[in-house]
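At position 372 of the sequence shown (counting the first as 1) the number is 373 in this note's numbering, and the numbers step up by one without a gap.
These notes concern the structure reproduced below.
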Amino acid sequence: MMNSMRLTKSALVISALLSSLYTVNAAAEDGMNIGGSVRVNYGMKLYNDQSKDKGGDLNFDVLTLKFDGTHGDWGLSSEYRFASGKNFIKWGYGYYNIDPEWQLQFGINKVPFGNPGFISNSWWFGLPYYLGFEDDFDVGAKATFDNGKWHTDIAFYKNGEYNSKDNKAYAPDIFSGTVNGTEYNNEETNQINLRQTYTLTDGDLKVVMGGSLEYGQIYNSKTEKNGDRNAFAVHMDAGYQGWKLQLQAMQYEFDAENPDGMDNNKIGLGGAGWQYEVASKGQIYSFNLAKTIPTSWGSVKIYNDFGLMTPDVDDSSYDNSYQNVTGAAFSAGPIYIMADFIMGKNMTFSTEMDDHVGLPEAGDGWDQRININFGYYF
């Protein structure tokens, strides 16, 4: 009965969304585009005997629905996701084009921090994602300027897209709840972002270089006090005849006003359906290299994404975290497949015993897992 009710609710949500979209389309001058994807995922944990004995698992990953519409200088963009056991919004915002160079966005939009787009090539994302610094979305307003060379993002976010007690946000946010026996009462609020990039082109060479700043508050519901958090990064994305090089170095700090007696060297984050702890201060370095090869049926991209996190806390027992992803992406019409070989050391999601980032290492050495994501896009 419960599953039936959930399916009915999901169907009603989809029906309502489509109904509203067709209404908008009827009135819109430029119209509404609807797209999305269906994806399944194969995974095998090489550090887990049960996973290896079964030869891994093949599961439904996600159904995505994307809506993009315009009416003159106004527009909207959104994506909603239906995954196994949960559904959630990835982004959803309205925008206004002031002129060909300036755009204003309001709603759940992408936080401008770090390398524009992604600081990764793989389905597994880069190490910054697991601390909320890649492909993150929050609720607020953003202004963007682009004249082809200079690109500026200025944004203010009131809070994350979901309650701090909920871990279903697309990218991790500060979490309020119990993690590994520690009760956290923190939530992120009042965040300011600034990112500036410059694009240099010379024949087949294209280099996007820039810097990012982020500052926000951390409200603790138990002490009823505001702490703060900050991050800054320098980044570069260079492309030449199918080759792509990404470099990024960043510093971050979460300084929460926790109750007396709590360990301030760590903080809880929640996202992607899970919650875990990370070192409250540290540096993250990313080095990614990829090569795209055109074929008669599409293209193949071969890549290696490397990330290193170095904790910078008062406890000397905290250890570095590492993640390396070697893989290939195959594109053929509506089909897109990403095959990744993930190696992790003291890193959440990719190691057997270390479900954290930057805390004291419980495991020993590098763990490996295989992940293949099959997607059909429409």
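Note that CB positions come from ideal geometry on N, CA and C, so glycine has one too.
Chain-order list of residues whose beta-carbon lies under 6 Å from that of residue i (same chain, five-residue window excluded)
i, result
"residue 240", "207"
"residue 87", "169"
"residue 231", "216 and 254"
"residue 363", "354 and 355"
"residue 144", "105 and 155"
"residue 347", "320, 322, 355 and 362"
"residue 394", "This structure gives no information on residue 394, because the portion of the chain shown stretches from 2 to 379."
"residue 380", "In the structure displayed, the chain extends from 2 to 379; residue 380 sits before or after that span and is not available."
"residue 331", "301 and 338"
"residue 10", "With a pLDDT of only 41 at residue 10, under the threshold of 50, the placement of this residue in the model should not be trusted; the figure read from the coordinates follows. Answer for residue 10: no residue qualifies."
"residue 372", "44 and 341"
"residue 209", "198, 200 and 238"
Span separating the alpha-carbon of residue i from that of residue j
i, j, result
"residue 174", "residue 263", "20 Å"
"residue 122", "residue 261", "42 Å"
"residue 171", "residue 129", "14 Å"
"residue 250", "residue 234", "6 Å"
"residue 91", "residue 35", "15 Å"
"residue 324", "residue 74", "43 Å"
"residue 219", "residue 153", "26 Å"
"residue 55", "residue 76", "48 Å"
"residue 161", "residue 189", "7 Å"
"residue 31", "residue 97", "14 Å"
"residue 118", "residue 238", "10 Å"
"residue 1", "residue 236", "Because the chain spans 2 through 379 in this model, residue 1 falls outside it and cannot be assessed."
"residue 163", "residue 352", "27 Å"
"residue 183", "residue 226", "19 Å"
"residue 345", "residue 295", "31 Å"
"residue 26", "residue 69", "Low local confidence applies: a pLDDT of 40 at residue 26 is under 50, so the model's placement there is unreliable, with the coordinate-based value given in what follows. Looking at the two C-alpha atoms, the distance is approximately 10 Å."
"residue 256", "residue 228", "6 Å"
"residue 177", "residue 265", "15 Å"
"residue 377", "residue 222", "43 Å"
"residue 318", "residue 289", "29 Å"
"residue 29", "residue 89", "With a pLDDT of 41 at residue 29, under the threshold of 50, the modelled position of that residue is not reliable, and the figure given next carries that caveat. Residue 29 and residue 89: Cα-Cα distance of roughly 26 Å."
"residue 268", "residue 65", "31 Å"
"residue 146", "residue 72", "20 Å"
"residue 22", "residue 379", "Unreliable positioning characterises residue 22 in this predicted model, as indicated by a pLDDT of 40, which lies under 50. The coordinate reading is nonetheless provided below. So the two alpha carbons sit approximately 17 Å from each other."
"residue 99", "residue 67", "24 Å"
"residue 24", "residue 78", "With a pLDDT of only 40 at residue 24, under the threshold of 50, the placement of this residue in the model should not be trusted; the figure read from the coordinates follows. So the two alpha carbons sit approximately 16 Å from each other."
"residue 185", "residue 134", "20 Å"
"residue 37", "residue 132", "27 Å"
"residue 103", "residue 51", "54 Å"
"residue 142", "residue 148", "20 Å"
"residue 80", "residue 125", "20 Å"
Buried or exposed (CB count within 10 angstroms, at least 16 for buried), residue i
i, result
"residue 360", "buried"
"residue 59", "exposed"
"residue 111", "buried"
"residue 343", "buried"
"residue 335", "exposed"
"residue 107", "exposed"
"residue 202", "exposed"
"residue 242", "exposed"
"residue 341", "buried"
"residue 328", "buried"
"residue 53", "exposed"
"residue 213", "buried"
"residue 101", "exposed"
"residue 299", "exposed"
"residue 61", "exposed"
"residue 272", "buried"
"residue 259", "buried"
Same chain, Cβ closer than 7 Å to residue i, five either side skipped, listed in chain order
i, result
"residue 313", "282, 283 and 284"
"residue 274", "87, 168 and 169"
"residue 375", "40, 41 and 338"
"residue 181", "278"
"residue 150", "199 and 200"
"residue 116", "236, 238, 247 and 249"
"residue 166", "177 and 178"
"residue 315", "266"
"residue 211", "196, 197, 198, 199 and 236"
Neighbourhood of residue i by C-beta, 8 Å cutoff - its chain only, sequence neighbours within 5 removed
i, result
"residue 292", "243, 244, 245, 302, 303 and 304"
Segment contact flag, the stretch 152-167 with the stretch 192-202, C-beta cutoff 8 Å, min 3 pairs: The stretch 192-202 and the stretch 152-167 touch, with three or more beta-carbon pairs separated by less than 8 Å.
Any 3 or more C-beta pairs closer than 8 Å across the stretch 348-363 and the stretch 275-289: Yes: at least three Cβ pairs fall under 8 Å.
Beta strand (DSSP E) segments (min. 3 residues) lying fully within the stretch 128-180: You should have 138-147, 151-161 and 177-180.
Segment contact, 8 Å Cβ cut-off, at least three pairs: the stretch 36-51 with the stretch 362-372: Verdict: yes, contact present.
3-residue-minimum beta strand (DSSP E) runs that sit fully inside the stretch 194-253, ordered along the chain: At a cut-off of 3 residues, the continuous stretches assigned as beta strand (DSSP E) that sit fully inside the stretch 194-253 are 206-221 and 226-241.
Within the stretch 22-103, ranges of the alpha helix (DSSP H) (whole runs, at least 4 residues): With a minimum length of 4 residues, the continuous alpha helix (DSSP H) runs that stay inside the stretch 22-103 are 50-55.
Inter-stretch contact at 8 Å, needing at least 3 Cβ pairs: the stretch 304-324 / the stretch 136-155: Judged by Cβ distances under 8 Å, the stretch 304-324 makes no contact with the stretch 136-155, as fewer than three pairs qualify.
Complete beta strand (DSSP E) runs within the stretch 276-311 (minimum length 3 residues, chain order): Runs of the beta strand (DSSP E) inside the stretch 276-311: 282-295.
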